[in-house]
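A short write-up of the structure that comes next.
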Amino acid sequence: MASPNSYPTIQCKSWERPWRTYCVDRSLEDEWLERLNDLSSFDLISICEGHRESGANERRRLPHFNLRLKDDRLEYLIENWLFFQPPIGASLDRSFDYKYTRADLEVRSGFVKERGELSQKAIVLLKISAFVNVLDFDPAYYEQQWFDNNIRAAENFDRDTSRILNCFELSPKQEAT
418 MASPNSYPTI
428 QCKSWERPWR
438 TYCVDRSLED
448 EWLERLNDLS
458 SFDLISICEG
468 HRESGANERR
478 RLPHFNLRLK
488 DDRLEYLIEN
498 WLFFQPPIGA
508 SLDRSFDYKY
518 TRADLEVRSG
528 FVKERGELSQ
538 KAIVLLKISA
548 FVNVLDFDPA
558 YYEQQWFDNN
568 IRAAENFDRD
578 TSRILNCFEL
588 SPKQEAT
């Protein structure tokens, strides 16, 4: 891993700070970002500390982060989704039990037509968000607690997902060859 000083200088907005080659919300701790970037089955694709000044119904108002299943796991899970659904669902239920959290696992499948070519596309997203504005209680305490609890839950879910997928390493296509 490169040292923090080896990343190029970037210009961030007033509410952001640099982290690696990204601009992130100021209150996001390096430890949280590192932990979410060290998951084995999921990639961090977005994270927000929550912005109290946003309108009551705006998603930006609530703290949240989104993870995407890594490409090397995707095809196998999609091909065997009906088989994996019960243990993955049980793990999601076990992992995310914090009362101020909504955990939404989405399996999306469809088509993309681009430059005259039609191709299939699939994605598995894990969207974690506060479902009440925890920042309205005690901003510093609840933001810290919310991220700590939910990053730990994401790490547990990531470990479970890896274990579940690794238990059934050989897909039927691989066994037949």
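Quick note, the numbering used here runs 417 ahead of the 1-based positions in the sequence shown.
Glycine is no exception: its CB is placed at the ideal position from the N, C-alpha and C atoms.
For Gln502 and Asp521, what's the separation of their Cα atoms in angstroms? Position 85 of the sequence shown, counting from 1, holds the residue named residue 502. Position 104 of the sequence shown, counting from 1, holds the residue named residue 521. If you take the alpha carbons of Gln502 and Asp521, they lie about 14 Å apart.
Under a Cβ-count criterion, where at least 16 other Cβ atoms within 10 Å of its own Cβ denotes burial, should Ile427 be classed as buried or exposed? What you label residue 427 is simply residue 10 of the sequence shown in a count that begins at 1. That one is exposed.
Residue range of the beta strand (DSSP E) that Glu446 falls in? As a working mapping, residue 446 is identified with position 29 in the sequence shown. Segment: none, Glu446 is in no beta strand (DSSP E) and carries neither H nor E.
Use the C-beta contact count for Glu466: other C-beta atoms within 10 angstroms, 16 or more gives buried, fewer gives exposed. Your numbering for residue 466 matches position 49 in the sequence shown. With 16 or more Cβ atoms within 10 Å of its Cβ, Glu466 is classed as buried.
Using the Cα positions of Ser508 and Glu446, report the straight-line distance between them to the nearest angstrom. As a working mapping, residue 508 is identified with position 91 in the sequence shown. As a working mapping, residue 446 is identified with position 29 in the sequence shown. Cα to Cα, the separation comes out at about 26 Å.
Please report the straight-line C-alpha distance between Arg367 and Arg443, rounded to a whole angstrom. The structure shown does not extend to residue 367, since the chain is modelled only from 418 through 594, so no value can be given for it.
Note down the Cα distance separating Asp575 from Arg532, rounded to an integer number of angstroms. Start at 1 with the first residue of the sequence shown, and residue 575 comes out as number 158. Start at 1 with the first residue of the sequence shown, and residue 532 comes out as number 115. Straight-line Cα distance between these residues: approximately 35 Å.
Exposed or buried, Thr438, counting other C-beta atoms within 10 Å across all chains shown (16 or more means buried)? On the sequence shown, position 21 is the one that residue 438 refers to. Thr438 comes out exposed.
With DSSP collapsed to three states, give me the class of Glu429. Indexing the sequence shown from 1 puts residue 429 at position 12. For the sequence presented, residue 429 should be read as Cys rather than Glu. Note: Cys429 maps to coil in three-state DSSP.
Under the criterion of a Cβ to heavy atom distance below 7 Å, does Leu542 qualify as lining the ligand PLP? Although the ligand PLP was asked about, the structure shown includes no ligands whatsoever.
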